[in-house]
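Student: Just so you know, we're using the numbering used here here: the sequence shown kicks off at 27 and counts up by one. Ideal placement from N, C-alpha and C gives every residue a C-beta, glycine not left out. Below you'll find the structure I mean.
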Amino acid sequence: MNVILLGPPGAGKGTQAQRLRENYGLMHLSTGDMLRHEIDKQTDLGLSIKEVMSKGGLVDDETVIGMIATVLEGPEARVGIILDGFPRTERQAIALDLMLKKRKVAIDHVIEIKVDDEALVKRISGRYMCKAKNCGASYNDFFKKPAVDGVCDVCGGSEFMRRPDDTEEAVRTRLKKYYHETMPIVPYYLEKGLLREVNGMLGIDKVTEQINALIEG
Ligand code: AMP
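Written as structure tokens, this is what we have:
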């Protein structure tokens with residue numbers, strides 16, 4: 027099974043993708059995580075995309091399509107994939123179809139997680155993560171602080187980090203990019219009869235329930 031999670035930044039795609047991975051044994055592919063990894067490793071690619079990403083702009087199509095192509099060629103993707111943050115443009119959507127066709131597979135579900143803009147800005151500009159390796163538990167200034175101030179509930183760590191593109195200004199740019207570049211791919215999947223919506227304003231578990239119902243329905 028191959029699933030695309032669509033939705034604006036902060037809609038909860040990453041959280042739901044992790045749950046899909048756990049529940050259905052699919053491979054989670056997040057182009058955002060892959061690109062951040064390049065930045066952390068300070069590769070040539072990482073250095074070249076650092077600025078555009080921190081401002082909330084999109085990385086060029088060739089780069090992200092190339093990254094996805096490499097993963098799809100490997101054996102791990104055969105179990106099925108959850109795409110989180112890809113495709114983000116019409117060109118990426120078309121390239122994805124071609125790549126899948128070559129492997130004689132196709133997208134089974136495109137699930138759009140709908141959330142109000144103002145809620146998104148609060149969710150993203152308030153979010154921070156535990157910095158400990160292998161933890162990364164997420165928190166939010168407005169909705170979910172650790173039980174003990176400054177101590178991670180999961181691993182007890184005391185160092186936290188924020189994404190450089192989680193500032194209010196970058197979030198607004200990311201939202202604009204979503205509406206101008208990514209929303210136009212919605213009709214593409216509607217025409218194929220693949221698109222379904224879930225209400226992303228509900229709690230995390232409720233969103234998971236809606237997604238599972240669509241997949242199993
Ligand atoms: P995300 O973690 O999905 O919110 O992505 C963070 C940032 O990575 C985005 O704001 C873009 O700068 C970049 N990015 C991630 N995926 C893509 C993509 N498919 N196309 C272009 N840029 C991307």
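For G58, verify whether its CB is less than 6 Å away from any heavy atom of the ligand AMP.
Tutor: yes
Student: Alpha helix (DSSP H) containing K127: first to last residue?
Tutor: E116 to K128
Student: Just reading off the alpha helix (DSSP H) that N238 is part of, what are its end residues?
Tutor: Run containing N238: I230 to E242, per the alpha helix (DSSP H) assignment.
Student: Measuring CA to CA, which of V85, G182 and K140 is closest to V228?
Tutor: It is worth fixing the name first, because residue 228 is Leu in this sequence and not Val. Selected option, being the one with the closest Cα: K140.
Student: With a 10 Å radius around its C-beta and 16 neighbouring C-beta atoms as the bar for buried, classify L55 as buried or exposed.
Tutor: buried
Student: When you measure from the CB of R114 to every non-hydrogen atom of the ligand AMP, does any distance come out below 6 Å?
Tutor: At a cut-off of 6 Å, the beta-carbon of R114 counts as near the ligand AMP: some heavy atom of the ligand is closer than that.
Student: Would you tell me roughly how many angstroms separate the C-alpha atoms of Q68 and L61, rounded to the nearest one?
Tutor: 11 Å
Student: Compute the Euclidean distance between the alpha carbons of E223 and V90, then round it to the nearest angstrom.
Tutor: 25 Å
Student: Indicate whether S151 and E194 have their beta-carbon atoms separated by less than 7 Å.
Tutor: Going by C-beta atoms, S151 is nearer than 7 Å to E194.
Student: I need the straight-line Cα distance from P172 to K130, nearest angstrom please.
Tutor: 46 Å
Student: Check whether the Cβ atoms of V147 and L221 sit closer than 7 Å, and answer yes or no.
Tutor: no
Student: If you pair each beta-carbon of the region 34 to 50 with each one of the region 95 to 113, do three or more pairs fall below 8 Å?
Tutor: Yes: the two stretches touch, three or more of their Cβ pairs being nearer than 8 Å.
Student: Short of 8 Å in beta carbon distance, which residues of its chain neighbour L240, apart from the five on each side in sequence? Order them along the chain.
Tutor: H135, I137, R222 and V224
Student: In the DSSP assignment, find the unbroken alpha helix (DSSP H) run with S80 in it and report its ends.
Tutor: Here the alpha helix (DSSP H) through S80 covers D70 to S80.
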